[in-house]
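>
Residue numbers (this note's numbering): 32 to 268.
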């Protein structure tokens, strides 16, 4: 019991510094979501409940409109699938990392977001830290940051009325910060270059509304083709 608790605390201390960019982004973006919910007439309880049960970032913003419009379950299902389809690719790439997670795996799957995925894929825990609990605390901390931001925004929104247009740019800024951190922390930049190049190519070819799925397929194919080379370089470093 004591040793297990010590291992968990060690994993928590190791994970926390990596989640600081998420803390900043989720508090601001979550607050924007909470303010929007409040402006649409939803109370603190509903806002927090949505963040606890749905926890889908951009989809939660979309859900505000769905909740205030005529109920159309098929449209809601299609929109949710399109907004979050990238998580299918995230899940495929994390099969190896999550295979030995045991009882932690259901929450790791539920709590997988763009930001948590980015850190888990690019960061190795210290040698004396349990990998599964390291990934778990990255996921849990991000989850708590989002809920806290949503609650804060709901409280602020119920007390103050102001224009929140443009606050969603916080998510873009968060991605940029995480990308820069990964670039500096990795010697092999080929995966990052593949990701950026494939995304730009598909954005030009398919347009802003349809580029996400094709870019994910191109990235997946490219990383599969160069997998052995990437693994050899990682082992050599």
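By construction, the Cβ of each residue, glycine as well, lies at the ideal position given by its N, Cα and C atoms.
Please report the Cβ distance between residue 169 and residue 140, rounded to the nearest whole angstrom; I am assuming they are in contact, meaning their Cβ atoms lie under 8 Å.
Contact flag wrong, Cβ pair sits at about 14 Å.
> Does the region 150–167 come close enough to the region 36–56 that 3 or more CB-CB pairs lie under 8 Å?
Yes: the two stretches touch, three or more of their Cβ pairs being nearer than 8 Å.
> Less than 6 Å between C-beta atoms, sequence neighbours within five positions excluded: which residues of the same chain meet that for residue 180?
Counting only Cβ-Cβ distances below 6 Å, and skipping sequence neighbours, we find 57, 58, 61 and 62.
> What runs of the alpha helix (DSSP H), each 4 residues or longer, lie entirely inside the region 116–154?
Segments of the alpha helix (DSSP H) lying fully in the region 116–154: 117–124, 126–129, 136–141 and 145–153.
> Cα separation between residue 171 and residue 104?
Residue 171 and residue 104: Cα-Cα distance of roughly 30 Å.
> Between 229, 252, 214 and 91, which has its C-alpha nearest residue 144's C-alpha?
When only C-alpha atoms are compared, the closest one is 91.
> Keeping to the same chain, check which residues put their C-beta closer than 6 Å to that of residue 230; ignore five residues upstream and five downstream.
Excluding sequence neighbours, residue 230 sits near 246.
> On the CB-based measure, 16 or more other CB atoms within 10 Å of its CB, does residue 66 come out buried or exposed?
With 16 or more other Cβ atoms within 10 Å, it is buried.
> Any idea if residue 224 is buried or exposed, counting beta-carbon neighbours within 10 angstroms, 16 or more meaning buried?
So residue 224 counts as exposed.
> Take residue 44 as the anchor and find which of 177, 161, 243 and 257 has the nearest alpha-carbon.
The shortest Cα separation from residue 44 among 177, 161, 243 and 257 belongs to 161.
> CA-CA distance, residue 80 and residue 133?
One C-alpha to the other measures close to 27 Å.
> Give the single residue among 251, 84 and 240 whose Cα lies nearest to the Cα of residue 114.
The residue with the shortest Cα to Cα distance from residue 114 is 240.
> Would residue 40 be called buried (16 or more neighbouring beta carbons within 10 Å of its own) or exposed?
Exposed is the call here.
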